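To keep things clear, I will list the structure first and then write my remarks on it.
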Amino acid sequence: MIQNIAGNVRAFTSNVFLVTGETTALIDAGSNFDVIARIQEHTEQIDRLYLTHTHVDHIENVPSVRDAFSIETWGYDTTHDVVDHAIQDEELVPIGDETYMTLHTPGHKPDHLCFYAADIGICFGGDLIFANGSFGRTDLEGGDRKTLIQSIDRLSDVVTDDLTTIYVGHGPAITSDPQEEINLAAQAARLS
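Be aware that the sequence shown starts at 1, since it is given in UniProt numbering, and climbs by one per residue.
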């Protein structure tokens with residue numbers, strides 16, 4: 001089961017996805033809310049914390065999650081103090097009851113990752129793209145529009161027509177024709 005435990009938080013935070021199953025995992029930790037209480041409403045333990053990237057709105061709650069559940073974090077850039085274990089491009093990682101392939105998708109931030117499970121048609125897209133053809137900012141440190149466009153194109157090339165849902169870092173999940181939403185984001189990024 002996938003739940004956005006930051007769904008109704010009225011603070012500056014990212015979405016935070018709790019995926020329960022054989023490997024109960026958190027995708028991003030968010031910021032400015034009591035993430036521990038939200039997790040404990042659904043489960044007593046999590047096994048892993050994965051980071052789509054290390055912008056503060058996605059990682060501020062990492063220390064409290066580490067302490068409460070005695071776990072370590074996985075992300076792309078181990079030079080950042082909240083990342084304990086490196087995930088390489090196209091590495092396979094357990095999330096819930098599935099195996100997801102990681103995709104290094106820089107542009108919004110150099111350490112940005114997406115997690116994609118082709119078998120079930122689900123992608124955790126972080127801040128690469130959003131609903132309605134929107135895309136991640138490139139005006140923050142490490143952002144690069146050309147690189148972001150390449151990453152969006154790569155996601156488009158990798159996902160199959162069976163993609164049903166993209167869980168994004170902010171706002172609602174993309175559940176209606178996600179492939180078309182990727183294409184719209186790619187077009188919008190090229191025009192902006």
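Cβ coordinates follow ideal geometry from the N, Cα and C atoms, glycine included. Keep in mind that this is a model prediction, so the values were computed, not measured.
Residue i, buried or exposed, once every other Cβ within 10 Å from all chains shown has been counted against 16
i: Gly7; result: exposed
i: Pro106; result: buried
i: Ala86; result: exposed
i: Val56; result: exposed
i: Gly171; result: exposed
i: Leu155; result: buried
i: Leu163; result: buried
i: Ser192; result: exposed
i: Phe115; result: buried
i: His58; result: buried
i: Arg10; result: exposed
i: Leu140; result: exposed
i: Thr13; result: buried
Within 8 Å, strictly: CB atoms of residue i and residue j
i: Ile152; j: Ala131; result: no
i: Gly142; j: Gly169; result: no
i: Ile76; j: Asp111; result: In the sequence under discussion, the amino acid at residue 76 is Tyr, which differs from the Ile named in the question. Going by C-beta atoms, Tyr76 is nearer than 8 Å to Asp111.
i: Ala173; j: Ile166; result: yes
i: Ile2; j: Thr24; result: no
i: Arg145; j: Ala188; result: no
i: Leu113; j: Met101; result: no
i: Pro94; j: Glu44; result: no
i: Leu148; j: Thr138; result: yes
i: Ala118; j: Thr160; result: yes
i: Thr54; j: Val82; result: yes
Three-way DSSP call (helix, strand, coil) for residue i in this model
i: Glu98; result: strand
i: Arg48; result: strand
i: Ile2; result: strand
Residue i CB to nearest heavy atom of the ligand ATP below 7 Å
i: Thr13; result: No copy of the ligand ATP appears in this structure; indeed no ligand is present at all.
Determine contact between the stretch 60-72 and the stretch 93-113, defined as no fewer than three beta-carbon pairs at a distance below 8 Å. no
Which complete alpha helix (DSSP H) runs does the UniProt domain "Metallo-beta-lactamase" (13-170) hold, if anything under 4 residues is left out? 35-40, 56-59, 62-69 and 145-158
Okay, do the stretch 7-23 and the stretch 70-89 touch, 3+ Cβ pairs below 8 Å being the bar? no
Using 8 Å as the cut-off, can you tell me whether the stretch 30-43 makes contact with the stretch 172-185, which would need three or more C-beta pairs spanning the two stretches below that distance? Touching, no.
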